[in-house]
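In this note's numbering, the protein residues as written are 5 to 356.
Glycine included, every Cβ here is placed at the ideal spot set by N, Cα and C.
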Ligand code: PMP
């Protein structure tokens, strides 16, 4: 072993869903939106003066997007942090807020990036088991003595949403530490703790443009919190990378927020297809967890999740399987268009 080996930081990284570089697959494995971004986004990109905007660095303060989001959510601009996808926002959040010897708490089944950030930043953490129905018991988070709390609501990969009152219980029981609520999928559940940000100075709400705004490729996420927390995040972020958001992504994001009707209509489309998907999968022998997201988390009464996933893949349909404790016989299936889901149901009929 070379001498330098001992100085190298070794981590087990988060493994993102596959991005096959071919077009003839039905991709239901990474919770992307099956619809394109708003036509306003396409127009804004076409109208951009790329020669100028790419020659220069982008605005390090992302002022245009902060102003737009401030207007949309009715908060001051300095209560918004913008990052390169919510993964970036969450990573900066972990680094900024979890600087204690006490463990940060999150569920045992949740977004599997949380333990990865905790490990790479050397943050102690404790995974609190969800109950048998994959539901959080809020009492578990009222014990004091922790370094912070992270809750995805709706949760991933289960899709289960908790009502805002229960999330508030957790926030209220942890006033001395920061509670991060990851609302990546909240546009599909209609449940948010954003209205609580004036009431709790320990609350950070994280959102993304990747799912409901169909802009996963643009990499835009944001946090809304009190001014002091946002300032702390900005200071850490600006100590790592001064220009995290490209000029094209900023312009595209501003345009997306400007087209609210398109945004809401596409959310309704996905929710409608989700309801149909639940019925069709149940009819085929699946148990389906209640979903407040753009995916369903399912397990089959007879056939194993891995086998179903493998056989779907042979038919060019990709779904997500996690080889993790408690959930290795489940599949997470993103809601696609009605036609894509019809192909999925037909493939399942062949397999089962
Ligand atoms: N939070 C949750 C719960 C997610 O499922 C995802 C998607 N992998 C993210 C955050 C990150 O999404 P993005 O970085 O694209 O905003």
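Flag residue i as yes when its Cβ comes closer than 8 Å to any non-hydrogen atom of the ligand ATP, and as no otherwise.
{"i": "residue 191", "result": "Summarising the ligand content, the structure contains the ligand PMP and does not contain the ligand ATP."}
Which residue comes first and which comes last in the beta strand (DSSP E) that contains residue i?
{"i": "residue 184", "result": "183-186"}
{"i": "residue 336", "result": "335-338"}
{"i": "residue 111", "result": "108-111"}
{"i": "residue 277", "result": "Unbroken run through residue 277 is the alpha helix (DSSP H), 264-287; no beta strand (DSSP E)."}
{"i": "residue 31", "result": "30-32"}
{"i": "residue 291", "result": "290-292"}
{"i": "residue 26", "result": "Residue 26 -> no beta strand (DSSP E), and no H or E assigned at all."}
{"i": "residue 152", "result": "152-156"}
{"i": "residue 132", "result": "129-132"}
{"i": "residue 212", "result": "207-212"}
How about residue i: is its Cβ closer than 8 Å to a heavy atom in the ligand PMP?
{"i": "residue 82", "result": "no"}
{"i": "residue 220", "result": "yes"}
{"i": "residue 34", "result": "yes"}
{"i": "residue 330", "result": "no"}
{"i": "residue 334", "result": "no"}
Considering only C-alpha positions, which residue in the set the options is nearest to residue i?
{"i": "residue 275", "options": "299, 286, 120 and 255", "result": "299"}
{"i": "residue 305", "options": "273, 28, 167 and 292", "result": "292"}
{"i": "residue 350", "options": "229, 30, 62 and 187", "result": "30"}
{"i": "residue 146", "options": "115, 158 and 109", "result": "109"}
{"i": "residue 215", "options": "191, 236, 280 and 237", "result": "191"}
{"i": "residue 326", "options": "316, 309, 342 and 320", "result": "309"}
{"i": "residue 125", "options": "248, 134, 115 and 96", "result": "96"}
{"i": "residue 45", "options": "100, 316, 13 and 219", "result": "219"}
{"i": "residue 262", "options": "199, 55, 76 and 123", "result": "76"}
{"i": "residue 47", "options": "257, 235, 143 and 270", "result": "257"}
{"i": "residue 183", "options": "94, 53 and 195", "result": "94"}
{"i": "residue 100", "options": "114, 151, 62 and 318", "result": "151"}
{"i": "residue 179", "options": "61, 208, 55 and 344", "result": "208"}
{"i": "residue 277", "options": "296, 340 and 227", "result": "340"}
{"i": "residue 174", "options": "202, 187 and 141", "result": "141"}
{"i": "residue 98", "options": "353, 255 and 121", "result": "121"}
{"i": "residue 115", "options": "148, 317 and 35", "result": "35"}
{"i": "residue 355", "options": "343, 230, 302 and 288", "result": "288"}
{"i": "residue 203", "options": "54, 56 and 172", "result": "172"}
{"i": "residue 236", "options": "84, 343 and 10", "result": "84"}
{"i": "residue 111", "options": "143, 89 and 81", "result": "143"}
Starting from residue i, trace the alpha helix (DSSP H) both ways and give me its first and last residue.
{"i": "residue 228", "result": "Where residue 228 is concerned, there is no enclosing alpha helix (DSSP H), although the beta strand (DSSP E) it sits in stretches over 225-229."}
{"i": "residue 299", "result": "Where residue 299 is concerned, there is no enclosing alpha helix (DSSP H), although the beta strand (DSSP E) it sits in stretches over 299-304."}
{"i": "residue 310", "result": "309-318"}
{"i": "residue 47", "result": "43-51"}
{"i": "residue 100", "result": "89-101"}
{"i": "residue 321", "result": "It is not in any alpha helix (DSSP H) - residue 321 instead sits in the beta strand (DSSP E) that spans 321-323."}
{"i": "residue 57", "result": "54-59"}
{"i": "residue 118", "result": "118-124"}
{"i": "residue 77", "result": "67-77"}
{"i": "residue 354", "result": "342-355"}
{"i": "residue 171", "result": "168-176"}
Would you decide whether residue i is buried or exposed? Buried here means 16 or more other CB atoms lie within 10 Å of its CB.
{"i": "residue 189", "result": "buried"}
{"i": "residue 59", "result": "exposed"}
{"i": "residue 12", "result": "exposed"}
{"i": "residue 78", "result": "exposed"}
{"i": "residue 161", "result": "buried"}
{"i": "residue 337", "result": "buried"}
{"i": "residue 8", "result": "exposed"}
{"i": "residue 61", "result": "exposed"}
{"i": "residue 243", "result": "exposed"}
{"i": "residue 232", "result": "exposed"}
{"i": "residue 345", "result": "buried"}
{"i": "residue 331", "result": "buried"}
{"i": "residue 87", "result": "buried"}
{"i": "residue 65", "result": "exposed"}
{"i": "residue 24", "result": "exposed"}
Residues with C-beta closer than 5 Å to any heavy atom of the ligand PMP, in chain order: 89, 90, 91, 115, 156, 160, 186, 188, 212, 214 and 225
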